[in-house]
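Per UniProt numbering, the very first residue in the sequence shown carries number 1; after that it's consecutive.
All C-beta atoms in this analysis are idealised placements derived from N, C-alpha and C, irrespective of residue type, glycine included.
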Amino acid sequence: MANQQHPPEVRSVSEGPELGQTSRPQVPTKTLKTSYPLIDCDPHFTRVVSYARTSDWIAAGLCGSVTPGLMTFWQHTSPTGISRQSLASIMRLSVGVGMCAGFLLMYERSAARFYGFTENRREIEMDMREMTDRVKKGLPIYGESTLTEYMQGAASRQSRYSGIFLHVMPWFNFVNHNQHGVDTAKYYQNAERELEAERTKRGE
């Protein structure tokens, strides 16, 4: 496997050599100095959510309860005298706002670990396991995309490190692409080591 050419990191289902595959150079990702290793500068939405820790969800729940909690407190300490129907509408809005705020807090905390801003040993191990398994199965490590190579790059440039400004402008990455700011050779090398260990164990 060491001498074989690695498969594409993202398989485009709408573009190929016969369709005039883009050959424009990629815009390199800016490398930031962080306290912990970078996992992904533009993680997919589903990865950020699935990698979230229990503490992130607890923080989200506490954050989400602040708005309806305050509304309830204010209503008891200083009644507005509005009807029950109007109060119910206000509470529904408060709960909705709280849920959105809590989700954004959870997402921002999880994304910060991908960027290497906070301690991320657990996420590094999860990332290595996920990507190594994909390599061993012969799958593109970052999945398939219906976008062309150029549009994948454009999408990446729009959402790199977007989690930093999430509290001001919620912006997520829903595109599979291969521009994540890390050297993917580590995944292939780890897969090679595991495959070699498996062959040795079987006595081949």
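Taking all protein chains in view, the Cβ of Arg109 is crowded by 16 or more other Cβ atoms within 10 Å, so the residue is classified as buried. If you check the CB distance, Phe114 and Ile58 do not come in under 7 Å. In the structure shown, Glu130 adopts helical secondary structure according to DSSP, grouped into three states. Shown here, Glu9 sits in coil according to DSSP, grouped into three states, outside any helix or strand. Around the beta carbon of His167, fewer than 16 other beta carbons sit within 10 angstroms, so the residue counts as exposed. By the CB criterion at 7 Å, Gln189 and Ser156 fall outside the cutoff. In this chain, the alpha helix (DSSP H) harbouring Arg202 covers 185 to 202. Taking Tyr51 as reference, the option from Leu32, Glu123, Arg134 with the minimal CA-CA separation is Glu123. Residue burial annotation: Pro68 is buried, with at least 16 other C-beta atoms found within 10 angstroms of its C-beta.
His76 carries a helical assignment under DSSP once its states are collapsed to helix, strand and coil. Three or more beta-carbon pairs drawn from the segment 170 to 186 and the segment 141 to 151 are found closer than 8 Å, and the two stretches are therefore classed as touching. DSSP places Phe45 inside the alpha helix (DSSP H), whose first and last residues are 45 to 50.
By alpha-carbon distance to Arg53, the top candidate from Gly138, Pro28, Gly203, Met126 is Met126. Around the beta-carbon of Ser94, 16 or more other beta-carbon atoms lie within 10 Å, marking it buried. In the DSSP assignment, Ser94 falls within the unbroken alpha helix (DSSP H) covering 84 to 115.
Counting C-beta atoms within 10 angstroms of its own C-beta, Arg199 has fewer than 16 neighbours from the protein chains shown and is therefore classed as exposed. In this structure the segment 60 to 77 lies against the segment 97 to 109, because at least three pairs of beta carbons, one per stretch, are closer than 8 Å. In this structure, DSSP gives Tyr161 a state outside helix and strand, which the three-state scheme calls coil. If you draw a straight line from the Cα of Pro43 to the Cα of Ser159, it is about 9 Å long.
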